[in-house]
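Q: Sequential numbering from 0 applies to the sequence shown in numbering that gives the first Met the number 0. Using N, Cα and C, we set each Cβ at its ideal position, and we do this for glycine too.
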Amino acid sequence: MQLNFAEPVREHHFKLRCFPSSDERQKISNEHIKIFPVHFSNVEKDSFGNLCIYGTANQRHNLFAVNVDGEAEINSDGKIPAAPNKIGLFKYETDLTRAGLSLREFHSNFETMSYMTGYERAIYMMNELYQEYFYTPGVTGIFTSAEEAFSLGRGVCQDYAHILLALCRLERIPCRYVAGMIPGEGATHAWTEIFDAGTWRMIDPTHNKICDDSYIKISSGRDAQDCAINQGVFYGGGSQTQEIKVIVNEILPQS
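(1) Using the three-state DSSP reduction, which class does Ala276 fall into: helix, strand or coil?
(2) Leaving out five residues before and five after Ser75 in sequence, what residues of the same chain have Cβ atoms less than 8 Å from its Cβ?
(3) Output yes or no for whether 7 Å exceeds the beta carbon distance between Ala81 and Trp199.
(4) Tell me the residue span of the alpha helix (DSSP H) that contains Asp203.
(5) Quickly, what does DSSP pair Pro80 with across the bridge? List them, please.
(6) Contact check, Gly117 vs Ile79 under 8 Å by CB: the rounded distance?
(7) Would you mind giving the Cβ-Cβ distance between Asn41 and Tyr53, rounded to the nearest angstrom? I have them listed as a contact below 8 Å.
(8) How is Arg59 classed by DSSP in three states: helix, strand or coil?
(9) Considering only residues of the region 110-195, which uninterrupted beta strand (DSSP E) runs meet the minimum length of 3 residues and lie entirely inside it, listed in chain order?
(10) What residues in its chain sit with their C-beta under 8 Å from that of Phe109, if we drop five residues either side in the sequence?
(11) Mind checking which residues open and close the beta strand (DSSP E) that includes His106?
(12) For Lys36, which residues of its own chain have a beta-carbon under 6 Å away from its beta-carbon, when the five flanking residues on both sides are left out?
(13) What would DSSP say about Gln230, mapped onto helix, strand or coil?
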């Protein structure tokens, strides 16, 4: 990630969520972090269990750059044990996942789902969304809500994830927003996790599929704001631009 400032900044205090953590599904190794410039940095977990890099860059700078690389070994079953005392938080809407008239009308047209588990309902709603919504970059922004994005009829992976979260929360299904990476070269990707029988299960509404072992999770939360890659405060700067580049190469096990 690279931030370019129109004017020099100083006393830059940053918080970065760009570093995958190890869990029952993925094992991270050979990791390296480079930050420029940096005066002090420390790695801690936030309230959602995401690894965060907190730090300061006191000297004047027009450029702030972060590079993270490493290896991820993925368990392909796509299930992550859930902490029961933290499930309730993910049943309720946020500003970005609040269903308005358009989403509620879309939801009302679904067939009866009372016989389905929460996970099965999420899969059903993902399938329905995929038929109605179209991937189109450049028409939404980082603060576009699920209702706004659905009304447009098109958006990107963040919008697909927010819309599915909004639909699941209408059903009171615990669900999380996930930021991560998939093979290839581009930007970060977003998908959802659905609570099912004591575990979180990962599904990708943008591609209408269950996530496989090619998905590397960086962070999760109630919506995209809980997974923001970069947050911070500083003096100066004027306008700024952000560039994010993700490269994931798959290495198959040796036979």
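A: Per the coordinate set shown:
(1) One cannot answer for residue 276 here, as it falls past the ends of the chain, which runs 0 to 254.
(2) For this step, residue 75 is matched to residue 76 along the sequence shown. For Ser75, where only same-chain residues beyond five positions count, the Cβ hits under 8 Å are Asp211 and Asp212.
(3) Numbered from its first residue, the sequence shown carries residue 81 at position 82. Numbered from its first residue, the sequence shown carries residue 199 at position 200. Contact flag set, yes.
(4) For the purposes of this step, residue 203 is taken as residue 204 along the sequence shown, with counting starting at 1. From DSSP, Asp203 is part of no alpha helix (DSSP H) but of the beta strand (DSSP E) over Thr198 to Asp203.
(5) Within the sequence shown, residue 80 is the residue found at index 81, counting from 1. In DSSP, Pro80 forms a bridge with Thr198.
(6) Against the sequence shown, residue 117 aligns to sequence position 118. Against the sequence shown, residue 79 aligns to sequence position 80. With 8 Å as the limit, Gly117 and Ile79 do not qualify as a contact, their Cβ atoms being about 16 Å apart.
(7) Here residue 41 is taken as the residue at index 42 of the sequence shown, counted from 1. Here residue 53 is taken as the residue at index 54 of the sequence shown, counted from 1. Cβ-Cβ separation between Asn41 and Tyr53: approximately 5 Å, consistent with a contact (criterion under 8 Å).
(8) Counting from one through the sequence shown, the residue named residue 59 turns up at place 60. Of the three classes helix, strand and coil, the one that applies to Arg59 here is coil, per DSSP.
(9) 174-180, 183-185 and 188-195
(10) On the sequence shown, position 110 is the one that residue 109 refers to. Closer than 8 Å at Cβ, skipping near neighbours: Tyr123, Met124 and Glu127.
(11) Here the question's residue 106 lines up with position 107 in the sequence shown. Careful: His106 lies outside any beta strand (DSSP E), inside the alpha helix (DSSP H) at Leu100 to Ser107.
(12) The residue you call residue 36 lines up with position 37 of the sequence shown. As written in the sequence, residue 36 is Pro, which differs from the Lys given in the question. Only Ala56, Gln58 and His60 meet the Cβ criterion.
(13) Mapped onto the sequence shown, residue 230 falls at position 231. Strand at Gln230.
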